[in-house]
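Remarks on the structure that follows.
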Amino acid sequence: MAVSFHSRSNSYPSRQHPQAAHVDEQLTRLRSFEAASSSSICQRFSNLQDLHDSLEKMISLSVTNQVLSQDQIEKLLDGSIKILDLCNIAKDSLSQTKESLKEIQSIVRRKRGDLSAEVKKYLASRKFLKKSFQKVLKSLKTGQNKNNNALAVFGEAETVTIALFETIFSFISGSKACGKWSVVSKMISQSTVTCEAEANEFTIVDLEFQSDKSLKVENVQILEACIQDLEDGIESLSKSLIKYRVSILNI
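For the sequence shown, my numbering gives the first residue as -7, with consecutive numbering after it.
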């Protein structure tokens, strides 16, 4: 970035600005948010979109960009691109799962094709995604920006945003409570009901495909609707992140 920066104070007066107070309120709300379902995750996406819209306005304040050094700006850019990468990982995984579900439904509807082979393909894809998510989640444990006075509010925003992606990757992977259930375990109906009560939309379909029960198309359709909602939330957040990143680049 071909810009020279003068020595600046470590204090952060913009934190007292009404826009900063608004950001603080949004951060407090997001930190207390518990996402246990697709609807609550989507609500968190909406709140995060609002947060980054506010950060984009805050970054434009002269008092904000006066207090940020070039090194700090670079850290903000690195953080924003890391989160955009997480958005792309989540979008790709959801798109892949949705396409597999469409193929399975097509076979069921046309009553032609090898349903068993397609289900095995779907389950293999799910297994690969879970391993990929484990690697991503492990990488998220390191390398987050250390907060200082000037970066505090932005660092906190990055932390709560990454926390959402930890949640969504775990959600897409399926409920941990049902992790013990597998194709090698013949499910007793009572146990299956108990497990499904604890499961989310992804796990319910996984369990169904792994068992000897008949395929419930309605469960697949519910999962597709869930995926669409998540995709919409991620797309909206991505757009806000891009605007936020452009504002940082404009400093």
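All C-beta atoms in this analysis are idealised placements derived from N, C-alpha and C, irrespective of residue type, glycine included.
Is it the case that the Cβ atoms of serine 30 and cysteine 218 are separated by a distance below 8 Å? On the sequence shown, residue 30 is found 38 positions in, with the first residue counted as 1. On the sequence shown, residue 218 is found 226 positions in, with the first residue counted as 1. Their beta carbons are under 8 Å apart, which means serine 30 touches cysteine 218 by this criterion.
Taking DSSP as the reference, what is the three-state secondary structure of isoleucine 243? Start at 1 with the first residue of the sequence shown, and residue 243 comes out as number 251. Isoleucine 243 falls in the coil class under three-state DSSP.
My assumption, with CB atoms under 8 Å, is that leucine 47 sits in contact with phenylalanine 146. Please give the rounded CB distance. Along the sequence shown, read from residue 1 onward, the residue named residue 47 stands at position 55. Along the sequence shown, read from residue 1 onward, the residue named residue 146 stands at position 154. Going by Cβ atoms, the distance from leucine 47 to phenylalanine 146 rounds to 7 Å, so yes, they are a contact pair.
Classify lysine 168 as buried or exposed, calling it buried when 16 or more other Cβ atoms lie within 10 Å of its own Cβ. As a working mapping, residue 168 is identified with position 176 in the sequence shown. Below a pLDDT of 50, predicted positions are generally treated as unreliable, and lysine 168, at 46, falls in that range; the measurement from the model is reported next regardless. The residue is exposed, with fewer than 16 neighbouring Cβ atoms inside 10 Å.
Which one of Val238, Ile240 and Ser232 has the shortest CA to CA distance from asparagine 39? Residue 39 sits at position 47 when you count from the first residue of the sequence shown. Closest by alpha carbon: Ser232.
Provide the residue span of the alpha helix (DSSP H) that contains leucine 82, from first to last. Position 90 of the sequence shown, counting from 1, holds the residue named residue 82. Just to set this straight, residue 82 is alanine in the shown sequence, not leucine. It spans 62 to 102 - the alpha helix (DSSP H) in which alanine 82 sits, taken as one unbroken run.
Determine, using beta carbons only, whether glutamine 88 and serine 117 come nearer to each other than 8 Å. On the sequence shown, residue 88 is found 96 positions in, with the first residue counted as 1. On the sequence shown, residue 117 is found 125 positions in, with the first residue counted as 1. Closer than 8 Å, so yes.
Are there 16 or more other CB atoms within 10 angstroms of the CB of glycine 171, so buried, or fewer, so exposed? If you number the sequence shown from 1, residue 171 lands on position 179. Note on glycine 171: pLDDT 35, under 50, position unreliable in the model; no value is reported.
For glycine 166, which of helix, strand or coil comes out of DSSP? One-based indexing of the sequence shown puts residue 166 at position 174. It is coil, neither helix nor strand.
Distance check for alanine 12 and serine 52, CA to CA, integer angstroms please. Numbered from 1 along the sequence shown, position 60 holds the residue referred to as residue 52. Numbered from 1 along the sequence shown, position 20 holds the residue referred to as residue 12. Going from the Cα of serine 52 to the Cα of alanine 12 covers about 12 Å.
Sequence-distant residues of the same chain with beta carbon closer than 7 Å to asparagine 211, five excluded per side: Taking the first residue of the sequence shown as position 1, residue 211 is located at position 219. Around asparagine 211: Ile196, Val197 and Glu200.
DSSP state of alanine 149 mapped onto helix, strand, coil: As a working mapping, residue 149 is identified with position 157 in the sequence shown. The answer is helix: DSSP assigns alanine 149 an H, G or I state.
Whose C-alpha, out of His44, Gln58 and Cys34, is nearest the C-alpha of threonine 151? Your numbering for residue 151 matches position 159 in the sequence shown. With distances taken between Cα atoms, threonine 151 lies closest to His44.
Out of Gly71, Ser206, Ala82 and Thr56, which one is the CA nearest neighbour of glycine 225? For the purposes of this step, residue 225 is identified with residue 233 of the sequence shown, where counting begins at 1. Ranking Gly71, Ser206, Ala82 and Thr56 by Cα distance to glycine 225 puts Ala82 first.
Among Asn242, Asn192, Tyr236 and Ala155, the one whose alpha carbon lies nearest that of leucine 78: If you number the sequence shown from 1, residue 78 lands on position 86. It is Ala155 whose Cα lies nearest to the Cα of leucine 78.
Residues near valine 238 in its chain [Cβ-Cβ closer than 6 Å; skip 5 each side]: Along the sequence shown, read from residue 1 onward, the residue named residue 238 stands at position 246. Result list for valine 238: empty, nothing under 6 Å.
With DSSP as the reference, label alanine 144 as helix, strand or coil. Mapped onto the sequence shown, residue 144 falls at position 152. Helix, per DSSP.
Can you say whether glycine 105 is buried or exposed, counting buried as having 16 or more other CB atoms within 10 angstroms of its CB? By 1-based counting over the sequence shown, the position of residue 105 is 113. It counts as exposed.
Within 10 Å of its beta-carbon, does glutamine 126 have 16 or more other beta-carbons around it, so buried, or fewer, so exposed? Locating residue 126 in the sequence shown gives position 134, counting from the first residue. Result: exposed.
Just to check my reading of the structure: glutamine 41 and leucine 229 have Cβ atoms closer than 8 Å, yes? What is that Cβ distance to the nearest angstrom? Taking the sequence shown and counting its residues from 1, one reaches residue 41 at position 49. Taking the sequence shown and counting its residues from 1, one reaches residue 229 at position 237. Right, the Cβ-Cβ distance comes to about 5 Å (below 8 Å), so this counts as a contact.
Might you give, ordered along the chain, the residues of its own chain that have their beta carbon closer than 7 Å to the beta carbon of isoleucine 234, omitting 5 neighbours on each side? Counted from its first residue, the sequence shown places residue 234 at position 242. So no residue of the chain qualifies.
Compute the Euclidean distance between the alpha carbons of leucine 244 and lysine 112, then round it to the nearest angstrom. Within the shown structure, residues of the chain are numbered from -7 to 243, placing residue 244 beyond reach of any answer.
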